[in-house]
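Chains as they are written, first to last, in this note's numbering: chain A, 2 to 221; chain B, 2 to 221.
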């Protein structure tokens with residue numbers, strides 16, 4: 002009994018890593034859909050979000066079953082409650098990829114992202130993919146040092162976000178309000194994606210060390 | 002032992018209701034700070050968010066202790082895991098009030114919200130206060146019917162959000178891009194606040210009926 006219990010805990014962790022990988026793919030595809038105005042890719046992300054939601058459902062249910070049947074001790078309890086948290090962050094990250102794809106879809110056949118801010122979104126996409134890849138590795142390895150690094154890694158996203166606003170507010174911005182709204186929301190989606198990756202990393206730090214960072218991932 | 006356990010479960014629920022009330026006050030104050038460009042009120046919300054975070058911390062810790070010490074059966078387990086979820090929604094709602102207040106603070110002594118969209122934000126504030134008040138009541142009473150109503154109630158927020166975009170995109174919008182960015186973000190904060198209130202209500206429905214709505218509160 003105890004052995005299959007350990008196996009189940011390990012398997013839940015493997016599923017979390019799988020979910021992080023799925024979210025990373027969604028982010029990569031969503032960014033391409035956005036930058037290439039590729040509606041087929043956008044639809045792929047939008048349809049694929051159901052699978053990410055299903056992963057959440059599955060992991061949550063299994064955590065709940067473990068809690069109910071195994072009456073885990075404090076350490077394992079922390080593993081399970083942390084998994085239930087991480088799965089929320091990861092699902093929300095999937096939603097944000099879907100939101101990005103929906104903006105691409107809404108503006109098709111136009112490009113939602115004008116040339117001036119294209120490099121910023123390319124960069125935001127790369128940073129986002131790096132953050133989720135690292136978060137996935139951190140879930141797998143429980144490497145606290147790497148987990149802490151994500152806080153600093155995310156600063157790059159915040160810098161891109163500030164740069165975007167500078168572009169929008171420059172006197173030379175020629176695209177009017179509609180595009181400014183799109184860019185503002187898209188910038189927010191990428192920024193929140195980064196925040197949630199940091200959230201996942203913080204939960205790993207808590208899991209291993211018991212240290213609590215300010216619990217919420219919150220940027221103004 | 003069992004009696005003090007029941008009392009603790011009841012008390013956790015009372016704390017959740019108290020937290021919902023605190024979030025409602027924060028929303029009310031944040032909206033006034035925004036519409037009156039009242040920086041003292043804005044600072045009150047920003048400073049007060051720490052207390053909301055502390056409420057989360059406290060409730061989470063107590064849930065964890067119950068899980069570890071009492072090895073609750075399925076029904077109580079669901080109460081506890083649901084509380085841990087709701088507390089995340091509520092804390093995030095507090096953050097959103099803080100974000101609104103920070104926009105007010107950033108534009109002070111100017112008004113962040115120009116006259117044209119003032120009625121929309123007044124209305125958004127009222128809907129938000131109604132949603133969180135109702136969510137608090139639903140936590141207290143576990144009234145599934147009222148919980149389901151929140152889904153429809155939130156439609157009012159989505160309508161306001163669409164109306165905002167219409168204003169921003171009208172040919173008559175005289176305020177330029179900076180204000181458009183503020184309004185876009187503010188609109189998003191109110192909308193997400195509503196989404197999280199619906200999220201709280203859904204968790205109550207799940208708690209009572211075992212029914213799972215699509216688990217994530219997600220609007221494009």
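Ideal placement from N, C-alpha and C gives every residue a C-beta, glycine not left out.
Values in this document were obtained by computation on a predicted structure and should not be read as measured data.
**Request:** Flag this pair as yes or no: are the beta carbons of residue 38(B) and residue 105(B) separated by less than 9 Å?
**Result:** For the purposes of this step, residue 38(B) is taken as the residue at position 37 of the second chain. For the purposes of this step, residue 105(B) is taken as the residue at position 104 of the second chain. Going by C-beta atoms, residue 38(B) is nearer than 9 Å to residue 105(B).
**Message:** Using 9 Å as the threshold, is the C-beta distance between residue 195(A) and residue 148(A) below it?
**Reply:** Numbered from its first residue, the first chain carries residue 195(A) at position 194. Numbered from its first residue, the first chain carries residue 148(A) at position 147. For residue 195(A) and residue 148(A), no; Cβs fall outside 9 Å.
**Request:** Starting from the Cα of residue 200(B), find the closest Cα among 122(B), 150(B), 172(B), 19(B) and give me that residue.
**Result:** On the second chain, residue 200(B) is found 199 positions in, with the first residue counted as 1. Comparing Cα positions, the closest option is 150(B).
**Prompt:** With 16 other CB atoms within 10 Å as the buried threshold, where does residue 8(A) fall?
**Reply:** Reading the first chain from its first residue, position 7 is the one you call residue 8(A). Classification of residue 8(A): exposed, given that the 10 Å Cβ count is below 16.
**Prompt:** Excluding sequence positions up to five away, which residues of its chain have a Cβ less than 8 Å from the Cβ of residue 54(A)?
**Reply:** Working through the first chain from its first residue, we reach residue 54(A) at position 53. Around residue 54(A): 92, 95.
**Asked** By the criterion of Cβ-Cβ separation under 7 Å, what are the contact partners of residue 72(A) in chain B?
**Response** Here residue 72(A) is taken as the residue at index 71 of the first chain, counted from 1. Within chain B, the residues placing a beta-carbon under 7 Å from that of residue 72(A) are 72, ordered along the chain.
**Message:** Among the candidates 88(B), 159(B), 140(B), whose CA atom is the shortest distance from the CA of residue 121(B)?
**Reply:** Stepping through the second chain from its first residue, residue 121(B) is reached at position 120. Ranking the options by Cα distance to residue 121(B), first place goes to 159(B).
**Asked** Using a C-beta to C-beta distance shorter than 9 Å, which residues of chain B count as neighbours of residue 83(A)?
**Response** Here the question's residue 83(A) lines up with position 82 in the first chain. What residue 83(A) touches in chain B: nothing, since even the nearest Cβ is about 11 Å away.
**Prompt:** Using the rule of at least 16 other Cβ atoms within 10 Å of the residue's Cβ for burial, across every protein chain shown, is residue 173(B) buried or exposed?
**Reply:** By 1-based counting over the second chain, the position of residue 173(B) is 172. Exposed: under 16 other Cβ atoms inside 10 Å.
**Prompt:** Does the ligand FAD have a heavy atom nearer than 8 Å to the CB of residue 106(A)?
**Reply:** By its list of ligands, the structure shown contains no ligand whatsoever, and the ligand FAD lies outside what it can speak to.
**Prompt:** By a C-beta neighbour count over all protein chains shown, 10 Å radius and 16 as the cutoff for buried, is residue 170(B) buried or exposed?
**Reply:** As a working mapping, residue 170(B) is identified with position 169 in the second chain. Classification of residue 170(B): exposed, given that the 10 Å Cβ count is below 16.
**Within the stretch 50-115 of chain B, ranges of the alpha helix (DSSP H) (whole runs, at least 4 residues)** = 75-108
**Prompt:** For residue 186(A), which residues of its own chain have a beta-carbon under 8 Å away from its beta-carbon, when the five flanking residues on both sides are left out?
**Reply:** The residue labelled residue 186(A) in the question sits at position 185 within the first chain. These residues qualify, in order along the chain: 100, 104.
**Message:** Quick check on the burial criterion: 16 or more other C-beta atoms within 10 angstroms. Buried or exposed for residue 74(A)?
**Reply:** Within the first chain, the letter at position 73 stands for residue 74(A). Exposed.
**Message:** Between which residues of its own chain and residue 221(B) is the CB-CB distance below 7 Å, once the five residues before and five after are set aside?
**Reply:** Counting from one through the second chain, the residue named residue 221(B) turns up at place 220. Caution applies to residue 221(B), whose pLDDT of 46 falls short of 50 and renders its modelled position unreliable; the model cannot decide the point.
**Prompt:** In chain order, what residues of the same chain have a beta carbon less than 7 Å from the beta carbon of residue 30(A), not counting five sequence neighbours either side?
**Reply:** If you number the first chain from 1, residue 30(A) lands on position 29. Excluding residues within five positions, the ones whose Cβ falls inside 7 Å are 42, 45, 46.
**Message:** For residue 132(B), tell me which candidate among 13(B), 203(B), 35(B) has the shortest Cα-Cα distance.
**Reply:** To locate residue 132(B), count along the second chain from 1; it is residue 131. The shortest C-alpha to C-alpha distance from residue 132(B) to any of 13(B), 203(B), 35(B) is the one to 203(B).
**Request:** Verify the CB distance criterion: does residue 136(B) have a CB-CB separation below 9 Å to chain A?
**Result:** To locate residue 136(B), count along the second chain from 1; it is residue 135. With a threshold of 9 Å between beta carbons, residue 136(B) makes no contact with chain A.
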